[in-house]
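Colleague: Here it is: the structure, laid out below.
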Amino acid sequence: MAQCEKNILRTVGNLEKFSTIPHNLGYYFSVANTARYRTSSTLPPELLDSIIETAVAQVVLKHPALCCGIINEDTNDPSFIRLDSIDLSNRIRYEYHLPQPAHSEDEALVEALEFQHGESWRDLDSQPPWKIIIITTVPTYTRESKSPQTRDVVFFDVIFAFHHALADGLSGVVFHRSMLEALNNPNPIGTSLVENHILQIPTSITLALPLEKAVIFKISWIFFLKTLWESVKPTWLSLSLFASPTKPWTGASCSGDDLIREYKTNVTLVEISPDVVSGILAACKEEGATVTGLLHGLIIASLAKRVPSAGTFVSATPYSMRHLTGMSNTDEMGVHVGSLKTRYPTTTISDIRAASKDPSETISRIWETARSFRTDMLDELAGLPNDNLMGMIPYISDLRKMFMGMLGKRRSTTYEVSNVGRVDGGGQGESEGGKWWIERDVFSQSASVTGAAVYFNVASVVGGPLMIAITWMEAVVESDLVEGVRGDLEYSLKCVGEGKDVLLGG
């Protein structure tokens, strides 16, 4: 521990503790970004390991967040420490799979994500809390070694999974930008610091400032007292004239030990083809909405149909604060985010249900919801950094106690839509011999014991497909319901992209 304390970089920030504490308590484990890399030239499998390790070393040395461990995570005052070295053979895992004609080509990816999102990060004082899983499909295996026979590799999926205290969702995109650069432009400095898979970490690394040091949040007395009242008001007031009598549907309660003991993240994917994505973008522009707003409208319409007893729903939408903090959107990793909570009026839900058998009326209601969300988000961003919930965190006396106190209570959020945007995957590499490019991006995260009931995680590549990874816990939301919403979402997005009305009734 003395050596660890000597290597302390800084204390974990206020917002970052919203990840260290849930991780330590077993509530939530990881975020992941999976990119599919392809090359125009052939690659013998025996070269894959060295190429990947060299590129990863180059990326790690570029980003200080990847050179860290965490100490005292089981307290209210954890710290980031610089690791002296990292054994890359323990951080990079390879999975070779046989093609299965009867199965989805993404079955191996889904299985890997479900496993990784259920794994806690161990030995945080000596191991970095991130991992890279390479998934590639090969035609055959040798009988003796079960390893792939020599066959050229032209694409593979790279899962970059990480502790949320190290980095936000956009940082996963930053990782793959750096990885793509490293594959296409190897730097000999990276390999010079690696011996027998051990990467030496320079002593000069420094971490980005935590959010509360990068932005000065200003809280008015009115906002402070209103927020305080919402957190301490008696339950019986929920039925009074001073509050809405309609409780939002948020799945099963945070039932504590059972959820923690039987923790498992389920993952299902939605893939929307590039031609349909083009139509969706055009439709959003015409309707004065964003893709994120459209997704909210479609999800609310589906939930209104599939949960008929629900009077309303509450969503959360993370957004970047990098425009305030100065952190680069393309080259830096950190946790500089806020979140917008949206409670949908009961009239919105009833209007959507009333329109369910009329396709043109249904899509009209969906666009209304999408435009309303866009307005709310613009208002939220325009108000920064004043009267924002991020500025209230310092007033919480014991964050760990707060999280533990959530067990046994209703969760506050129905679902979350987290959109990391469009990645420039360097598709021009298709015409350049030997160049790598990213043809698909999948963003995902663990389900949460105390957070949203369902997570819709969104990513896309310029000129490529739109990917939505939906994550949830069976004990919180039945899988049949989630798969139903998934089907509605896929169908509705295709309708929007093809200029058709949406019919969700029946």
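Numbering-wise, our numbering comes out as the position in the sequence shown, counting from 1, plus 297.
Think of the CB as a built atom: it goes at the ideal place given N, C-alpha and C, for glycine as much as any other residue.
Computed from a prediction, not measured in an experiment: that's the story for all the values here.
1. Who are the near neighbours of S475 in its chain, counting only those whose CB is closer than 6 Å to its CB and skipping five residues on each side?
2. Just tell me which of G724, E416, M687, S606 has its CA closest to the CA of L312.
3. Quick one, which of T372, K602, L704, A329 has its alpha-carbon nearest V470's?
4. How is V782 classed by DSSP in three states: helix, strand or coil?
5. Could you check which residue in S617, P642, S661, A362 has the C-alpha nearest to that of L800?
6. Just tell me which of S745, A766, I495 has its CA closest to the CA of S316.
7. So the alpha helix (DSSP H) Q355 belongs to, where does it begin and stop?
8. Are there 16 or more other CB atoms within 10 angstroms of the CB of W518, so buried, or fewer, so exposed?
9. Out of curiosity, what's the CA-to-CA distance linking F459 and W427?
10. The beta strand (DSSP E) that contains M689, what's its start and end?
11. Under the three-state reduction of DSSP, which class applies to F521: helix, strand or coil?
12. When the Cα atoms are used, what is the spatial distance from H473 to D384?
13. If you scan the region 563-625 from start to end, which runs of the beta strand (DSSP E) of 3 or more residues do you find wholly inside it?
14. Check whether the region 697-705 and the region 625-642 are in contact - that is, three or more C-beta pairs closer than 8 Å.
15. With a threshold of 16 other CB atoms inside 10 Å of the CB of G748, please say whether the residue is buried or exposed.
16. Measure the C-alpha to C-alpha separation of P361 and M764 and round it to an integer number of angstroms.
17. In this structure, does DSSP put Q424 in helix, strand or coil?
18. Are there 16 or more other CB atoms within 10 angstroms of the CB of G794, so buried, or fewer, so exposed?
19. Let me check understanding here. Comparing Cα to Cα, which of P425, T500, I498, S338 lies closest to A464?
20. Take L637 as the anchor and find which of R603, V714, C581, A352 has the nearest alpha-carbon.
21. Among D346, E775, S468, S743, whose alpha-carbon lies nearest the alpha-carbon of I557?
22. With DSSP as the reference, please indicate the residues paired to G635 in a beta bridge.
23. When you compare the CB positions of I354 and L490, do they come within less than 8 Å of one another, or not?
24. Contact between the region 560-575 and the region 688-700 is defined here as three or more beta-carbon pairs at a separation below 8 Å; is this criterion met?
25. For V779, which residues of its own chain have a beta-carbon under 8 Å away from its beta-carbon, when the five flanking residues on both sides are left out?
26. If E392 sits next to I349, beta carbons under 8 Å apart, how far is it from one beta carbon to the other, in whole angstroms?
27. Who are the Cβ neighbours of E775 in its own chain at under 7 Å, not counting the five residues just before and after it?
28. Rounded to whole angstroms, what is the Cα-Cα separation between S809 and K303?
29. At the level of alpha carbons, what is the spacing between D422 and A462?
30. Since E713 sits in a beta bridge, which residues does DSSP pair it with?
31. Which of the three DSSP states, helix, strand or coil, is assigned to F452?
32. DSSP state of M703, grouped into three classes?
33. Whose CA, out of L306, D420, A601, lies closest to the CA of I378?
34. Return the chain-ordered list of same chain residues with a C-beta closer than 8 Å to the C-beta of E411, the five sequence neighbours on each side being excluded.
35. Let me check one thing: in DSSP terms, what residues is G366 bridge-paired to?
36. If distances are taken between C-alpha atoms only, which option among L477, G415, L621, E584 comes closest to A352?
Modeller: Concretely, from the data shown:
1. V356, K359
2. M687
3. A329
4. helix
5. S661
6. S745
7. 342-359
8. exposed
9. 4 Å
10. Note, M689: premise wrong, no beta strand (DSSP E); not H, not E.
11. helix
12. 20 Å
13. 563-569, 611-617
14. no
15. buried
16. 29 Å
17. coil
18. buried
19. P425
20. V714
21. S743
22. Y616
23. The sequence shown places Ala at residue 354, not Ile. Yes, the pair counts as a contact, with Cβ atoms nearer than the cut-off.
24. no
25. N563, T565, V751, I767, W769
26. Contact doesn't hold; Cβ gap of about 13 Å is too wide.
27. none
28. Look at the range of the chain in this structure, 298 to 803, and you will see that residue 809 is not part of it.
29. 14 Å
30. A613, Y752
31. strand
32. coil
33. L306
34. K561, T562, N563, V564
35. I378
36. L477
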